[in-house]
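My numbering numbers the first residue of the sequence shown as 920 and each following residue consecutively.
All C-beta atoms in this analysis are idealised placements derived from N, C-alpha and C, irrespective of residue type, glycine included.
All figures in this text were calculated on a predicted structure; none of them were measured in a lab.
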Amino acid sequence: MSPSPNASTPDAAVATLVAADAVDKPAALAIIARATGSTVLGSGTARPRIPLREGVWIEIEIPKFGEPPPLAIDVHAVGGAAAARKEALALRDVLRPVTGWSLTPAFPEGGDDGPTPTMDPDSR
């Protein structure tokens, strides 16, 4: 069984999308949760998360000390780096038409290994 997205998982890989748009963390979490058909877990805590399905979740990092964007959207996946990257690219494809955010992967695009991601809430 895969670890819960509520627990810190040291063996989960992370792929980051960078949004160079002005949006605060609570609003970004709400927008992403709505766009993916999920919910925000731990809202109001230091580490809120959006579970996509077992072993895949999203966290958001914001600049410190009132710096301007970027907003870092971290996609965690226990399936490895390739799976995390595919999940991040799938999330980018879901978010772009909904948000209009300029989303850039903080990793090289390419390759075709790992499980096929889906943002379908029924697959969680």
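Would residue 938 and residue 997 qualify as a contact pair, given that the criterion is a beta-carbon distance under 8 Å? no
Could you give the DSSP three-state label for residue 933: helix, strand or coil? strand
Residues sharing a beta bridge with residue 972, DSSP: 975
Closest Cα partner of residue 936 within the set 1016, 994, 1017: 994
Go ahead and pull the three-state DSSP assignment for residue 1023. strand
If I'm right that residue 979 touches residue 990 with Cβ under 8 Å, what's the distance once you round it to whole angstroms? 6 Å
Count the other CB atoms, across all protein chains shown, that sit within 10 Å of the CB of residue 947; report buried if there are 16 or more and exposed otherwise. Buried, by the Cβ-count rule.
Can you give me the C-alpha to C-alpha distance between residue 999 and residue 941, rounded to a whole angstrom? 30 Å
Residues bridged to residue 980 (per DSSP): 991
Please list, in chain order, all residues of the same chain as residue 949 whose beta carbon is under 8 Å from its beta carbon, the five residues on each side excluded. Excluding residues within five positions, the ones whose Cβ falls inside 8 Å are 959.
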